[in-house]
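Using the working numbering, you'd call the opening residue of the sequence shown number 19 and step up by one each time.
Glycine residues also receive a C-beta, built at the ideal position from the N, C-alpha and C atoms.
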Amino acid sequence: MKILTGKPYPLGATYDGAGVNFALASENATGVELCLYGGDDGNQLQEKIVVPEQTGFVWHAYLPGIRPGHRYGYRVYGPYDPANGHRFNPAKLLIDPYARALDRTVEWNDALFGYTIGSDQQDLQKDDRDSAPFVPKSVVIEPWFDWDGDRRLATPWEDTIIYELHTKGMTKLMPSIPEEQRGSYAALTHPAVIDHLKRLGITAVELMPVHHFAVDRPPADRKLTNYWGYNSIGYFAPDVRYSSTGNRGQQVSEFRSMVMEFHRAGIEVILDVVYNHTAEGNQLGPTLSFRGIDNASYYRLEEDRRFYTDYTGCGNSLNMRHPRTLQLIMDSLRYWIGEMHVDGFRFDLAATLARELHEVDRLSAFFDIIQQDPVISRVKLIAEPWDVGEGGYQVGNFPPLWSEWNGKYRDCVRDYWRGENQALNEFAARLTGSSDLYAWSGRRPHASINFITAHDGFTLRDLVSYNEKHNEANGEENRDGESHNRSWNCGAEGPTDDAAINALRARQQRNFIATLMFSQGVPMLLAGDEIGRTQRGNNNAYCQDNEISWTHWDQADNDLLEFTRVAIEFRKHHCNFRRRRFFQGRPIRGNEVGDIGWFKPDGQPMSDEDWNSGFAKSIGVYLNGDAIGGVDNRGEPFRDDSFYLLFNAHHEALDFILPDGAWGKRFERVFDTTTRESGRAKVLKAGSKIRVEARALMVLRRVE
19 MKILTGKPYP LGATYDGAGV NFALASENAT GVELCLYGGD DGNQLQEKIV
69 VPEQTGFVWH AYLPGIRPGH RYGYRVYGPY DPANGHRFNP AKLLIDPYAR
119 ALDRTVEWND ALFGYTIGSD QQDLQKDDRD SAPFVPKSVV IEPWFDWDGD
169 RRLATPWEDT IIYELHTKGM TKLMPSIPEE QRGSYAALTH PAVIDHLKRL
219 GITAVELMPV HHFAVDRPPA DRKLTNYWGY NSIGYFAPDV RYSSTGNRGQ
269 QVSEFRSMVM EFHRAGIEVI LDVVYNHTAE GNQLGPTLSF RGIDNASYYR
319 LEEDRRFYTD YTGCGNSLNM RHPRTLQLIM DSLRYWIGEM HVDGFRFDLA
369 ATLARELHEV DRLSAFFDII QQDPVISRVK LIAEPWDVGE GGYQVGNFPP
419 LWSEWNGKYR DCVRDYWRGE NQALNEFAAR LTGSSDLYAW SGRRPHASIN
469 FITAHDGFTL RDLVSYNEKH NEANGEENRD GESHNRSWNC GAEGPTDDAA
519 INALRARQQR NFIATLMFSQ GVPMLLAGDE IGRTQRGNNN AYCQDNEISW
569 THWDQADNDL LEFTRVAIEF RKHHCNFRRR RFFQGRPIRG NEVGDIGWFK
619 PDGQPMSDED WNSGFAKSIG VYLNGDAIGG VDNRGEPFRD DSFYLLFNAH
669 HEALDFILPD GAWGKRFERV FDTTTRESGR AKVLKAGSKI RVEARALMVL
719 RRVE
């Protein structure tokens with residue numbers, strides 16, 4: 019085969035119509051071999067090529083005649099010296115970090131490990147067995163795709179409704195989808211899925227990890243899997259598990275088609291990305307890619323360089339201080355934006371990415387580069403603002419441009435509705451966009467991604483049905499998963515035939531949905547919560563690729579679905595619930611009353627003493643639609659109806675007296691969580707009394 023020197027950029031395998039340029043970065047390697055594979059199973063070695071050129075630590079070659087669909091991998095030479103951070107082992111076939119597609123999943127075998135398992139010296143003794151039969155092969159892809167004019171939607175943050183879903187779990191049991199297509203990228207854009215999301219009012223889907231990932235060996239040994247996918251090994255490759263069309267690059271086209279169809283439906287695509295660690299684990303993990311290419315560059319190592327710094331709880335942390343690692347992540351993000359047309363990212367354990375030395379640093383190189391990047395800085399950026407390291411809980415501390423999963427919102431709202439004693443000022447702050455967390459850095463309410471539930475933890479149905487986790491199916495003797503869930507089973511653990519308990523659980527779910535949709539900030543709904551999906555009390559279903567995790571559409575709670583749809587529609591129709599600016603709490607532009615008012619059930623304004631009460635569970639909130647602030651795209655001031663929200667988390671019904679005077683003369687009921695759907699009641703005069711049932715939320719509209 020004719021071998022040309024090629025170019026050091028771009029990294030990866032780039033097809034130009036006549037051949038492929040291969041480029042691999044390794045600062046400490048002494049030699050690189052490119053291995054080409056064929057055969058029906060992709061394990062037949064066709065050619066082993068010594069990469070001839072190195073430019074700036076990039077090894078590169080150009081092979082004429084190679085076409086899309088061709089499989090390849092690398093063998094990298096260098097010292098096997100764990101004490102100094104080097105773990106080169108040419109017996110191990112390596113995945114290209116820039117591979118656009120991988121043809122299979124990892125098949126666990128002792129040959130995957132760079133050291134001899136079971137040896138007295140543990141990872142210090144090099145293993146010479148060939149790992150090629152068990153490693154995914156990188157695949158050259160066809161770069162061209164007809165996007166038919168598609169472009170990112172750029173939905174304004176304040177108009178965004180996020181729906182977190184698992185590609186397989188969302189569609190595996192959906193009866194209207196052909197069985198052979200279920201669980202795939204293509205299935206997500208089946209008319210049944212699109213219709214459901216559009217009817218619900220969703221504007222963005224947040225896909226749990228679709229970067230190609232590896233299943234950890236412990237769950238694999240227990241005949242389980244890594245269902246969630248937070249174990250990436252291919253940051254440019256859509257995972258082949260979710261492809262219904264093929265494994266030789268077809269998964270890339272299928273993913274692109276999915277994005278295009280979502281965009282046609284007016285729905286953005288946000289990816290949950292895991293750039294904080296890789297699937298290679300700690301010093302006892304397998305050698306799949308980065309470890310064998312340049313361990314000392316890609317990973318953060320301890321002072322004893324045999325060991326890995328672990329801020330993630332997954333064995334390793336990517337080295338964000340090294341320029342090649344930063345380049346890898348930035349190139350990956352730009353690729354998914356430019357070549358795959360995604361609309362944003364949610365960064366798993368994002369605090370890890372901000373650690374320059376040890377502490378989390380708001381001005382780290384990672385944030386600096388994103389702030390200045392003309393491509394990445396323009397999409398939606400969401401941080402999971404914590405990791406497992408010291409000082410890793412960083413809610414509210416990310417810089418401008420970033421929104422955050424607001425864990426304090428989740429915890430506070432859960433505590434409020436289960437009747438836990440807490441100061442009302444905490445609940446008020448979360449309801450109004452958490453200005454205490456975000457205003458100081460110049461951010462707006464959309465910095466707060468509000469959620470009650472997410473993939474990690476109880477579903478909404480389980481949140482109101484279980485006091486304790488029930489993770490026995492995970493095979494870890496129920497030791498895994500969070501033990502403090504802020505849940506309440508309403509009087510019985512798990513399923514029950516008690517009608518009163520089931521009625522209370524239904525109301526509690528409506529309370530959570532309504533609170534989420536009527537809070538300032540960006541609401542995120544967990545897929546299936548709108549139809550009462552249960553995981554049978556499992557709050558850590560990471561390894562359950564089965565009916566525990568999949569959405570059972572045939573068991574849908576249609577009353578809850580309709581309530582959720584109406585609540586989302588109500589939010590979308592009223593800019594009073596999706597303000598662009600934080601409340602100021604005082605009269606604005608000559609208004610007689612402020613932009614927001616807080617009242618006790620007796621209709622009197624809240625005092626400082628009332629705010630600090632640890633036992634108050636009931637409050638009235640007035641949102642002034644004439645004092646929203648800002649102008650719309652036509653230059654007109656934002657105006658909306660004014661609303662009075664009545665929250666009663668007490669275990670008994672309570673009479674609220676409506677405030678009188680300038681706050682309004684007459685009100686009508688437009689929302690009530692004691693009913694299955696919204697409805698109206700007779701007009702109520704200011705100063706009159708209205709009963710709010712126990713553990714319920716009511717919304718009144720000012721009509722005069």
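Local Cβ density within 10 Å of residue i, reported as buried at 16 or more and exposed below that
i	result
Asn-102	exposed
Val-639	buried
Gly-410	buried
Pro-193	exposed
Leu-242	buried
Met-19	exposed
Lys-10	The question about residue 10 has no answer here: the residues shown for the chain are numbered 19 through 722.
Gly-303	buried
Gly-83	exposed
Asn-725	Residue 725 is absent from the structure shown; the chain starts at 19 and stops at 722.
Thr-207	buried
Val-431	buried
Trp-162	exposed
Lys-186	buried
Lys-618	buried
Ala-36	exposed
Cβ shell of residue i (< 6 Å), same chain only, five flanking positions each side left out
i	result
Thr-327	Arg-318, Glu-320, Ser-335
Glu-286	Leu-171, Thr-173, Ala-222, Asp-361
Phe-595	Phe-536, Arg-589
Ala-41	Pro-26, Leu-29, Val-76, His-78
Pro-655	Val-649
Gln-199	Ala-205, Ser-262
Residues near residue i by beta carbon distance below 7 Å, same chain, minus five either side
i	result
Asp-234	Asn-244, Asn-249
Thr-32	Val-38, Asn-39
Gly-555	Asp-480, Tyr-484, Lys-487, His-488, Gly-512
Val-406	Tyr-329, Thr-330, Gly-331
Arg-657	Gly-643, Asp-644, Ile-646
Asn-791	Residue numbering for the chain in the displayed model covers 19 to 722; residue 791 lies beyond these limits and cannot be assessed.
Asp-146	Ala-109
Gly-451	Pro-463, Ser-466, Gln-538, Gly-539, Phe-600
Continuous beta strand (DSSP E) stretch holding residue i: start and end
i	result
Glu-286	286 to 291
Gln-527	Here Gln-527 belongs to no beta strand (DSSP E); instead the alpha helix (DSSP H) covers 517 to 535.
Met-716	714 to 720
Asn-666	661 to 666
Thr-32	30 to 33
For residue i, three-class secondary structure by DSSP
i	result
Leu-191	coil
Ala-43	strand
Gln-553	coil
Glu-65	strand
Lys-707	strand
Gln-301	coil
Gly-362	strand
Glu-686	strand
Cys-561	helix
Tyr-138	In the sequence on display, residue 138 carries Asp and not Tyr. Here Asp-138 sits in coil by DSSP.
DSSP bridge partner residues for residue i (one or two, in chain order)
i	result
Gln-143	Answer is none; Gln-143 lacks a bridge partner.
Asn-468	Pro-541
Pro-256	His-229
Leu-344	Paired residue(s): none; Leu-344 is not in a bridge.
His-281	BP columns for His-281 are empty, so no partner.
Trp-420	Leu-399
Ser-636	Asn-666
His-78	Ala-41, Glu-71
Glu-673	The identity of residue 673 in the sequence shown is Asp, whereas the question assumes Glu. Paired residues: Arg-709.
Cut-off 8 Å between Cβ atoms - residues of its own chain near residue i, not counting five sequence neighbours on either side
i	result
Leu-112	Gly-91, Tyr-92, Arg-93, Val-94, Val-153, Thr-305, Leu-306, Ser-307, Gly-310, Ile-311
Residue range of the unbroken alpha helix (DSSP H) whose run includes residue i
i	result
Ala-447	442 to 449
Lys-398	Not the alpha helix (DSSP H): Lys-398 falls in the beta strand (DSSP E), residues 398 to 401.
Leu-215	209 to 218
Cys-430	425 to 435
Ile-388	383 to 390
Ala-172	Here Ala-172 belongs to no alpha helix (DSSP H), and DSSP marks it neither H nor E.
Pro-236	235 to 239
Ile-180	Looking at the DSSP string, Ile-180 is not in any alpha helix (DSSP H); the run it does join, the beta strand (DSSP E), is 180 to 183.
Ile-566	No alpha helix (DSSP H) contains Ile-566, which DSSP labels as neither H nor E.
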